[in-house]
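Novice: One structure is given below, represented as structure tokens, and several questions about it will come after.
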Amino acid sequence: MPMGELFPCGSERTIEFMDYGAQYRSRNICSHKAYVPGEQPVSGGEAIKLNTNENPYPPSPEIKTAVLGELESLRLYPNPPAYELRDCISKLHGLSAQQVIVGNGSDDILNLCTRCFSDDNLKVGMLDPSYSLYEVVASLQGSTLIRIPFADDAFSVDPESVISSGANLFFITSPHAPSGREYSVDCFRQILKEFEGIVVIDEAYVDFAEQNALCLLDEFSNLVITRTMSKSYSLAGLRVGYGLSSPEVVSVLDQARDVYNVDRLAQVAASACLKDRVYFEKTRNEIIKERERLVSKLKEWKWGICPSGANFVFARPVNANGATGPAVAKDLFEFLASKRILIRYFPQHERTASHVRISIGNRQDMDILYERLMEWIHQEQQK
59 MPMGELFPCG
69 SERTIEFMDY
79 GAQYRSRNIC
89 SHKAYVPGEQ
99 PVSGGEAIKL
109 NTNENPYPPS
119 PEIKTAVLGE
129 LESLRLYPNP
139 PAYELRDCIS
149 KLHGLSAQQV
159 IVGNGSDDIL
169 NLCTRCFSDD
179 NLKVGMLDPS
189 YSLYEVVASL
199 QGSTLIRIPF
209 ADDAFSVDPE
219 SVISSGANLF
229 FITSPHAPSG
239 REYSVDCFRQ
249 ILKEFEGIVV
259 IDEAYVDFAE
269 QNALCLLDEF
279 SNLVITRTMS
289 KSYSLAGLRV
299 GYGLSSPEVV
309 SVLDQARDVY
319 NVDRLAQVAA
329 SACLKDRVYF
339 EKTRNEIIKE
349 RERLVSKLKE
359 WKWGICPSGA
369 NFVFARPVNA
379 NGATGPAVAK
389 DLFEFLASKR
399 ILIRYFPQHE
409 RTASHVRISI
419 GNRQDMDILY
429 ERLMEWIHQE
439 QQK
């Protein structure tokens, strides 16, 4: 009997079946809250997306040849360790291939870290507010989550608060999301010297920043650095990321890795992008230039700006009457959405509720944004 006849949609039997499945959920799932991504345009509708920190430029043109050359091999499983891609990454950073693990986006590596270094008897720490996926992956392992508040509204990190947190695994984003603030190598060194556990530095946006933590890999075996190719390499749709650490830690992570976690097309496309340094530098520099132009515009309007080392700007909007706060941020968010421009608004936390985050788009999209922002300001003047 077809499943549709056995459990017709909307029938009582369907409901019973759902309840039957629900009672077998693990206790971790019962209390689990899934990650909520940024808003997506309605299907069939066009919008300017400045809310999920995607790259406004296409990936390197070199990937076309690489992907086309791989099509006939799609009948075969991908290379499990992604040897060629790992080799490209290790050469780029001056590391051994044994210090590299590749994943289905950097989120995959973050998940592996909690699989390997946390459980229901261990504690996972994060700075609050920060990338909410850390809470999600900790929850799936049943780990106790420790939230360490920032030292101030400038999102400063107090190393001692991390060291004394009692966590066995600690996530730090640098540049920070959603503020874009960079943290110094000295700050990380102080933490790593005394922290008794694994420290994960999530460098998703580091290619737009002035400093990174790579130099610390030679000093500390308890450091894991995660990188993504979604932002600076324009491969958000392919899902490629990687982790860098000591060979010993990478070996542990590799034990928990799904065997075929990065598909064939993703491996060759990512390798091609990594090799095309000229295109990478060109598009990265364009994004940084547009970021500085956005900062300059917002400062003209007296907005509060958090210094950014990322491909976005975190800002506290000020309306024409000089007002600021959660209501103003919400009003701007909704106004731009009505004009088919998506930005990010974080009302859940007191340190972010008065701000918006604007991803850097191409020059044309940013010019449209400025026009709409002026409309919003003039609208406020007329109220």
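Residue numbers (this note's numbering): 59 to 441. Note that the Cβ used here is the ideal one computed from N, Cα and C, for glycine as well.
Could you work out which residue in VAL414, PHE393, SER366, SER354 is closest to ARG383 when comparing CA atoms only?
Specialist: Per the sequence shown, the amino acid found at residue 383 is Gly instead of Arg. Taking only the C-alpha atoms, the option nearest GLY383 is VAL414.
Novice: Considering only the alpha carbon of each residue, which of ALA267, VAL215, LYS181 lies closest to PRO233?
Specialist: The option with the nearest alpha carbon to PRO233 is ALA267.
Novice: Within the same chain, show all residues whose beta-carbon is closer than 7 Å to that of HIS151, passing over the 5 residues directly before and after it, in chain order.
Specialist: Closer than 7 Å at Cβ, skipping near neighbours: LEU272, LEU302.
Novice: Taking 8 Å as the cut-off, does the region 111–120 touch the region 285–294 (at least 3 CB pairs, one atom from each stretch)?
Specialist: Yes, they touch.
Novice: Using a Cβ-Cβ cut-off of 8 Å (strictly less than) and excluding sequence neighbours within five positions of ALA314, which residues of its own chain qualify?
Specialist: Contacts found: LEU170, ARG173, CYS174.
Novice: For MET432, count neighbouring Cβ atoms within 10 angstroms of its own Cβ and tell me buried if that reaches 16, exposed if not.
Specialist: When all chains shown are included, MET432 counts as exposed.
Novice: So what does DSSP say about THR110, is it helix, strand or coil?
Specialist: If DSSP states are grouped into helix, strand and coil, THR110 belongs with coil.
Novice: Run the CB neighbour count on ARG133, radius 10 Å, all protein chains shown included, and call it buried at 16 or more, exposed below.
Specialist: Exposed, since its Cβ has fewer than 16 Cβ neighbours within 10 Å.
Novice: How many angstroms separate the CA atom of ASP210 from the CA atom of ASP216?
Specialist: Looking at the two C-alpha atoms, the distance is approximately 10 Å.
Novice: Run through the DSSP bridge pairs and tell me what PRO207 is partnered with.
Specialist: PRO207 pairs with ASP186.
Novice: I want to know whether the region 333–343 touches the region 371–390 - three or more CB-CB distances under 8 Å.
Specialist: At 8 Å Cβ cutoff, the stretches do not touch.
Novice: Who pairs with ARG342 in a beta bridge, going by DSSP?
Specialist: Paired residue(s): none; ARG342 is not in a bridge.
Novice: Looking at C-beta atoms only, is the number of pairs between the region 126–143 and the region 320–328 that lie closer than 8 Å three or more?
Specialist: The region 126–143 is in contact with the region 320–328.
Novice: Give the straight-line distance between the Cα atoms of LYS355 and VAL220, rounded to the nearest whole angstrom.
Specialist: Rounded to whole angstroms, LYS355 to VAL220 spans 36 Å at the Cα level.
Novice: Please classify ALA381: is it buried, with 16 or more other beta-carbons within 10 angstroms of its beta-carbon, or exposed?
Specialist: Exposed, because fewer than 16 other Cβ atoms sit within 10 Å of the Cβ of ALA381.
Novice: Could you check which residue in MET184, VAL158, VAL194 has the C-alpha nearest to that of LYS91?
Specialist: Taking only the C-alpha atoms, the option nearest LYS91 is VAL194.
Novice: Can you tell which of LEU274, LYS397, ARG402, TYR428 has the C-alpha that lies nearest to the C-alpha of GLU104?
Specialist: It is LYS397 whose Cα lies nearest to the Cα of GLU104.
Novice: Indicate whether GLU348 and ILE426 have their beta-carbon atoms separated by less than 7 Å.
Specialist: Cβ atoms of GLU348 and ILE426: not closer than 7 Å.
Novice: Measure the alpha-carbon distance for GLY255 versus ALA196 and round it to whole angstroms.
Specialist: Computed Cα separation, rounded: 15 Å.
Novice: Between the beta-carbon of PHE229 and the beta-carbon of LEU274, is there less than 7 Å?
Specialist: No, these two residues do not count as a Cβ contact at 7 Å.
Novice: Who are the near neighbours of TYR135 in its chain, counting only those whose CB is closer than 6 Å to its CB and skipping five residues on each side?
Specialist: Only TYR318 meet the Cβ criterion.
Novice: Using 7 Å as the threshold, is the C-beta distance between TRP359 and ARG374 below it?
Specialist: Not a contact, by the Cβ cut-off of 7 Å.
Novice: Under a three-way DSSP split, which group does LYS289 fall into?
Specialist: The answer is coil: DSSP assigns LYS289 none of H, G, I, E or B.
Novice: Give a yes or no on whether the C-beta atoms belonging to TYR300 and VAL160 are separated by under 7 Å.
Specialist: Yes, the pair counts as a contact, with Cβ atoms nearer than the cut-off.
Novice: Expressed to the nearest angstrom, what Euclidean distance is found between the alpha-carbon atoms of ASP321 and ALA124?
Specialist: Approximately 14 Å between the Cα atoms of the pair.
Novice: Mind checking which residues open and close the alpha helix (DSSP H) that includes ARG173?
Specialist: Start and end: 164–175.
Novice: Check this for me: beta carbons of THR231 and ASP260, under 7 Å apart or not?
Specialist: It is a contact, given that the beta carbons lie within the stated cut-off.
Novice: Could one say the Cβ of LEU170 lies closer than 7 Å to chain B's Cβ atoms, at least one of them?
Specialist: Absent from the structure is chain B; it holds one protein chain and no more.
Novice: Looking at the secondary structure, which residues open and close the alpha helix (DSSP H) in which PHE370 lies?
Specialist: Unbroken run through PHE370 is the beta strand (DSSP E), 370–374; no alpha helix (DSSP H).
Novice: Smallest Cα separation from GLU112: which of ARG297, GLU429, LEU191, VAL307?
Specialist: Taking only the C-alpha atoms, the option nearest GLU112 is ARG297.
Novice: For THR123, does the three-state DSSP call read helix, strand or coil?
Specialist: Note: THR123 maps to helix in three-state DSSP.
Novice: What is the C-beta distance between PHE372 and SER237, in whole angstroms, given that I count them as a contact (C-beta under 8 Å)?
Specialist: Contact flag correct, Cβ pair sits at about 5 Å.
Novice: Excluding the 5 residues flanking PHE393 on each side, which residues of the same chain have their C-beta closer than 7 Å to its C-beta?
Specialist: Answer for PHE393: TRP434, listed in chain order.
Novice: In whole angstroms, give me the CA-to-CA distance for GLN199 and ALA411.
Specialist: Distance between the alpha carbons of GLN199 and ALA411: 29 Å.
Novice: So is ASN179 buried or exposed if we call it buried at 16+ other beta carbons inside 10 Å?
Specialist: So ASN179 ends up on the exposed side.
Novice: Identify the residues that DSSP records as bridge partners of GLY299: which are they?
Specialist: Partner(s): GLY161, THR286.
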